[in-house]
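Everything below concerns the one structure shown next.
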Amino acid sequence: MKKLGILLSGRGSNFEAIARNVQAGKIPAEIAVVISNKQDAIGLVRARELGLTTRFIPSKGKEREAFDREVVAVLKEFQVDLVCLAGFMRLLSPYFVWEFPNRILNIHPALLPAFPGEDAQRQALEHGVKFTGCTVHLVNEGMDTGPIVCQAVVPVLDDDTEATLAARILAEEHRIYSEAICLLLEDKVRFEGRRVLWKA
Ligand code: GRF
Numbered sequence: 382m383k384k385l386g387i388l389l390s391g392r393g394s395n396f397e398a399i400a401r402n403v404q405a406g407k408i409p410a411e412i413a414v415v416i417s418n419k420q421d422a423i424g425l426v427r428a429r430e431l432g433l434t435t436r437f438i439p440s441k442g443k444e445r446e447a448f449d450r451e452v453v454a455v456l457k458e459f460q461v462d463l464v465c466l467a468g469f470m471r472l473l474s475p476y477f478v479w480e481f482p483n484r485i486l487n488i489h490p491a492l493l494p495a496f497p498g499e500d501a502q503r504q505a506l507e508h509g510v511k512f513t514g515c516t517v518h519l520v521n522e523g524m525d526t527g528p529i530v531c532q533a534v535v536p537v538l539d540d541d542t543e544a545t546l547a548a549r550i551l552a553e554e555h556r557i558y559s560e561a562i563c564l565l566l567e568d569k570v571r572f573e574g575r576r577v578l579w580k581a
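The numbering of the sequence shown is this note's numbering, which starts it at 382 and goes up by one.
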């Protein structure tokens with residue numbers, strides 16, 4: 382059985398969507414460990430309630446790589462095959478990225494490369510785009526810059542607020558994150574430069 386490692390810092394709704402799909406047998410893996418750098422992250426509380434193995438690893442005051450080494454050590458301890466960032470509010474060091482080549486996923490609430498970084502939904506509203514969405518991508522050392530695995534599009538409506546738009550995007554996030562996990566776990570994709578393509 383393949384093993385997932387989940388990293389989160391907050392609400393954890395993407396983690397919960399993944400956990401539901403694992404539970405339902407829709408993702409061929411188990412969640413080996415849920416790690417958070419925030420002790421009071423709702424996602425960490427939910428993971429405990431679900432009976433999953435959790436670890437709180439504080440990041441405050443630590444050098445980026447020192448923290449990442451602690452996280453990687455735990456992921457290796459649990460023999461994690463695929464690392465899923467789910468609202469994990471930290472940039473990864475090159476050390477971390479190299480330890481899991483093409484084996485770290487992130488979800489971002491915009492159609493990358495548009496609107497990277499924080500407040501992607503607000504950026505989309507302010508820019509005036511008519512469509513936005515979400516992106517699951519492989520993680521490299523940059524901020525939301527890795528190769529794109531899956532995207533989903535949602536319309537921006539005239540009466541949208543940041544909250545209504547975020548909710549519409551989130552529903553798609555919950556759907557495509559699990560799809561992307563399956564694509565990688567089932568070895569259905571190949572890499573050609575920045576492009577993630579279906580295997581023939
Ligand atoms: C999501 O919008 C995700 O795209 C972004 O952070 C948010 C995390 O939400 N990276 P949740 O913690 O999964 O509910």
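From the three backbone atoms N, C-alpha and C, an ideal C-beta is built for every residue, glycine too.
| Item | Value |
| --- | --- |
| Residue range of the beta strand (DSSP E) that includes asparagine 487 | 485-489 |
| Asparagine 418: CB within 7 Å of a non-hydrogen atom of the ligand GRF | no |
| Unbroken beta strand (DSSP E) run spanning serine 417, endpoints | 410-417 |
| Closest by C-alpha distance to glycine 527, when choosing among Val403, Glu573, Ala505 and Gln420 | Glu573 |
| Closer than 7 Å: arginine 392 CB and nearest the ligand GRF heavy atom | yes |
| Close-in-space but distant-in-sequence residues of the same chain around alanine 467 (CB under 6 Å, 5 per side omitted) | Ile387, Leu389, Asn395 and Phe396 |
| C-alpha gap between isoleucine 412 and phenylalanine 459, whole angstroms | 10 Å |
| Neighbourhood of leucine 566 by C-beta, 8 Å cutoff - its chain only, sequence neighbours within 5 removed | Lys383, Ile408, Pro409, Ala410, Asp462 and Leu463 |
| The ligand GRF heavy atom lying under 7 Å from the CB of phenylalanine 396 | yes |
| Cβ neighbours of serine 474 in the same chain (closer than 6 Å, five flanking residues each side left out) | Arg445, Glu446 and Asp449 |
| Contacts around isoleucine 529, its chain only, beta-carbon distance under 7 Å, and the 5 residues preceding and following it disregarded | Leu493, Thr516, His518 and Val577 |
| Minimum Cβ-Cβ distance from valine 520 to chain D less than 8 Å | Note that chain D does not occur in the displayed structure, where there is just one protein chain. |
| Reduced DSSP category for proline 497 - H, G, I as helix; E, B as strand; rest coil | coil |
| Contact check, glycine 393 vs glycine 432, beta carbons under 8 Å | no |
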